[in-house]
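There are 2 protein chains.
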Amino acid sequence: MISQEKDSGNAATPDVPVRKSRAQPVTLREVAEAAGVSTATVSLVINKKKNARIAEQTRQRVKDAIRQLGYRPNAMAKTLVSGTSRFIGLVADGVATTPFAGQIIHGAQDEAWKHGYALLIANTEGNRDLETDAIAMMLEYKVRGILYSTWFHRPTVVPETLREADFVLVNCFSPEPGAARAVVPDEEQGGKSATEILLRGGHRRIAFINATTPAPARDGRLQGYKDALEAAGIPFDPELVLEAYPDQEGGYGATEELLKRNVAAVFCYNDRMAMGLYDGLRENGLSIPDDMAVVGFDNQEVIAAHLRPPLSTVSLPHYELGAAGVRMLLGLDEASNDSAVKIMCPAVERASVAVHSPA
Amino acid sequence: MISQEKDSGNAATPDVPVRKSRAQPVTLREVAEAAGVSTATVSLVINKKKNARIAEQTRQRVKDAIRQLGYRPNAMAKTLVSGTSRFIGLVADGVATTPFAGQIIHGAQDEAWKHGYALLIANTEGNRDLETDAIAMMLEYKVRGILYSTWFHRPTVVPETLREADFVLVNCFSPEPGAARAVVPDEEQGGKSATEILLRGGHRRIAFINATTPAPARDGRLQGYKDALEAAGIPFDPELVLEAYPDQEGGYGATEELLKRNVAAVFCYNDRMAMGLYDGLRENGLSIPDDMAVVGFDNQEVIAAHLRPPLSTVSLPHYELGAAGVRMLLGLDEASNDSAVKIMCPAVERASVAVHSPA
DNA sequence: TATATTTGCTAAAACGCTTGATCAACACGA
DNA sequence: TCGTGTTGATCAAGCGTTTTAGCAAATATA
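Chains as they are written, first to last, in my numbering: chain A, 1 to 359; chain B, 360 to 718.
Below, the structure written as structure tokens:
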């Protein structure tokens, strides 16, 4: 890396961007001077205005100057004049806590990018003060809008300042109806799909280990379970619904109760629970899926895909949630204030349920 | 929510921000007019310039106007005049793929925030084109600098355009020495710490299941393992080093070979491997930690903390990596271009290694 | 040849803010 | 009465763009 003199008096400069090693950035004006035109012309060339009349020759001269100088437009100045920024804010309460938030970010990012927006993210870990600061920051950057997301599906009270911007709730919703646009996973459909995996496996007596912790997921998945049963003409038996804390320990601890129910198929509230249940089942000398077919929920990759046997489950559509949130914000998707838009949770079938060869 | 008329002729307006429901944002000028002062004065009040002389009364008037109108400064305009933006860019190759990247973001966020910077993130999923676009975007927003991070520790070639900005490599490094500042986990120390957990457990014959995939982690952890052994006066036995693909299946598959080695303690390249090994061990009727003490690496929460028994492991300091990256970028931490700064990997002891009561 | 039209480009205002230079008003000591 | 300070506030330039109105030259039309 030989530093290159910029004296006009030196030998012919090669057609290579002269790396200005982090001095003042090159401005439009400098490009204009280099090309011997006005800044207006340069601007027109850059933005390829179709109704602007620029001689091909001039256009080339400008382009060369741009390349030569390694010009980068100043986005700040741009948005200042245009009045509207190209930012979308994303405030999340748990990027760190779970892999889930990462997927939301990812989906939002991709979709935002697609429409020429950059993501301004803020992780609040649930801290309300941080949250307020984060929103203030985004407001000051005049974001196009804000995605307010939570790491698990839940009701939330919309922070006051959020209302100063256009916003969409992602993976959460406001309890007071009509207060906000929102996009959430379709828990009922998910619960139904999960149960149907078992149904397709030929099972008619299916247990459901629900969570003890109140949440939309808890109610929704249960409802989905009931719906699936009903659709299959199987009467709902409350005896077959257990409850446990929704993690590995909970699943493990539920083993004994489950075995009392004399079932050969179980739908677990989530993958972590299923993981614990695997251990419990194994300790009882039971094999999966032969002695017990198991279905989880969440499709937590690290777990579900690598359990032995790999776990059939239902995917929480975090990526889609993020993407849909952006589309809704941008007004690309229809959305009402009255009820959250539900995103479907696709089933992911692996080996923890044996395929059923119908007699 | 009654929309509030702003006519000057109406009754005394309550001291509450009149929410401008997303019309044009309020500007400095409007505040100035409302307070009956010049924009300069408002600016001075807002930025609490200490050497500016403003009558207490005026100051109040301005503050009231600000509150009244719900004024939010325009960050774009601000940075435009100041010349330096308050952004730090973070390009990551795998926010989605792993929970790890999330931690890097989190750490970077917190540290950046602490110094008044906002994070501009871009997820590239390893796509070089996306990466170039992302960097260009950041350059246009005149970021203070860019953190270039990878989801696993590895050498990387620095994208050309990255050099246009101030940058720091996070969780990766440039093979050509002196090319870039970088911050990475201290694999050797980590490997050593992991081995020491076993040593403290009273074990002298310790196996190491290394990864088959070449990586700094593979070499570093092995070296750390050797160092720990040497420090304990135990000769290194190549027979005790196995290799497997670094995931659950790999760990499971390594069980047989491991048992041939006649050891009662094993250090696994990562937690996922340990998870698989747990299964293998259990199938052989072996109990952890009594028949086999196991230590992992990575401290992947979902797994390590919830295995049965919970897994002793070593933490990959992703949060710290992100934070240190920001500090290095800002010149708060010393940093040389010649070798990456190493961040320590702290041991996390759980129940997969029995405590040793020294005789 | 005179006039209308098209082409190629520029001047200058505006976007919302910061800041150094100024300035008016007033108080003080000589 | 006059300098000299001090206080409280304003003026105006400038940050890097975009964009509209307009101008001069070239070309087409009659």
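Positions of the beta carbon are idealized from the N, C-alpha and C atoms, including for glycine.
query: Coil, strand or helix - residue 645 of chain B by DSSP; result: coil
query: For residue 76 of chain A and residue 30 of chain A, the rounded distance between their alpha carbons; result: 18 angstroms
query: Min CB distance residue 590 of chain B to chain A below 8 angstroms; result: no
query: CB contact check: residue 465 of chain B to chain A, cutoff 8 angstroms; result: yes
query: Chain-order list of residues whose beta-carbon lies under 7 angstroms from that of residue 603 of chain B (same chain, five-residue window excluded); result: 568, 571, 609, 610, 612, 613 and 632
query: Between the CA atoms of residue 164 of chain A and residue 380 of chain B - distance to the nearest angstrom; result: Model confidence at residue 380 of chain B stands at a pLDDT of 48, short of 50, so the residue's coordinates are unreliable and nothing is read from them.
query: Residue 392 of chain B versus residue 140 of chain A: straight-line alpha-carbon distance, rounded; result: 21 angstroms
query: The segment 448 to 463 of chain B contacting the segment 670 to 685 of chain B, beta-carbon criterion three pairs below 8 angstroms; result: yes
query: Where residue 555 of chain B falls: helix, strand or coil (DSSP); result: helix
query: Sequence-distant residues of the same chain with beta carbon closer than 8 angstroms to residue 145 of chain A, five excluded per side; result: 88, 89, 165, 166, 167, 168, 329 and 330
query: Cα-Cα separation, residue 477 of chain B to residue 485 of chain B; result: 23 angstroms
query: C-beta atoms of residue 220 of chain A and residue 356 of chain A nearer than 8 angstroms; result: no
query: Coarse secondary structure for residue 153 of chain A, derived from DSSP in three states; result: strand
query: Cα-Cα separation, residue 455 of chain B to residue 423 of chain B; result: 45 angstroms
query: Burial state of residue 111 of chain A, where buried means 16 or more other Cβ atoms lie within 10 Å; result: buried
query: Minimum Cβ-Cβ distance from residue 544 of chain B to chain A less than 8 angstroms; result: no
query: Member of A:271, A:282, A:247 and A:270 whose CA lies at the smallest distance from the CA of residue 259 of chain A; result: A:282
query: Option nearest residue 340 of chain A by Cα separation, candidates A:99, A:70, A:133 and A:172; result: A:172
query: is_contact[residue 126 of chain A, chain B] using C-beta, thresh 8 angstroms; result: no
query: Residue-level contact to chain A via CB, residue 571 of chain B, 8 angstroms cutoff; result: no
query: Residues that residue 701 of chain B bridges to, as DSSP identifies them; result: B:543
query: Residues of the segment 325 to 337 of chain A whose Cβ lies closer than 9 angstroms to any Cβ of chain B, in chain order; result: none
query: Under 9 angstroms by beta carbon: chain A residues contacting residue 728 of chain B; result: The question about residue 728 of chain B has no answer, for chain B in this structure spans 360 to 718.
query: Per-residue burial, residue 299 of chain A [other beta carbons within 10 Å of its own, 16 or more giving buried]; result: buried
query: Pick from B:574, B:671, B:552 and B:475 that is closest to residue 591 of chain B, judged by C-alpha positions; result: B:552
query: Sufficient close CB pairs (3 or more, under 8 angstroms) joining the segment 69 to 86 of chain A to the segment 284 to 302 of chain A; result: no
query: Buried versus exposed call for residue 395 of chain B [16 or more other C-beta atoms within 10 Å across all chains shown]; result: exposed
query: Partners in chain B for residue 292 of chain A, counting only beta-carbon separations shorter than 9 angstroms; result: Under the 9 angstroms cutoff, chain B gives no residues; its nearest Cβ is about 16 angstroms from residue 292 of chain A.
query: Residue nearest to residue 459 of chain B in terms of C-alpha spacing, selected from B:564, B:508, B:418 and B:492; result: B:508
query: Alpha helix (DSSP H) runs contained entirely in the segment 389 to 450 of chain B, provided each spans 4 or more residues; result: 398 to 405, 415 to 428 and 434 to 441
query: Among B:468, B:676 and B:556, nearest to residue 709 of chain B - alpha-carbon criterion; result: B:556
query: Beta-carbon proximity list for residue 121 of chain A, same chain, < 8 angstroms, skipping 5 on both sides; result: 89, 90, 91, 92, 95 and 105
query: Nearest neighbour of residue 511 of chain B, chosen from B:645, B:706 and B:605 [CA to CA]; result: B:605
query: Residue range of the alpha helix (DSSP H) that includes residue 459 of chain B; result: 458 to 473
query: Counted within 10 angstroms of its Cβ, other Cβ atoms place residue 276 of chain A as buried (16 or more) or exposed; result: buried
query: Close Cβ partners of residue 521 of chain B (< 8 angstroms) along its chain, the five nearest in sequence each way excluded; result: 494, 505 and 507
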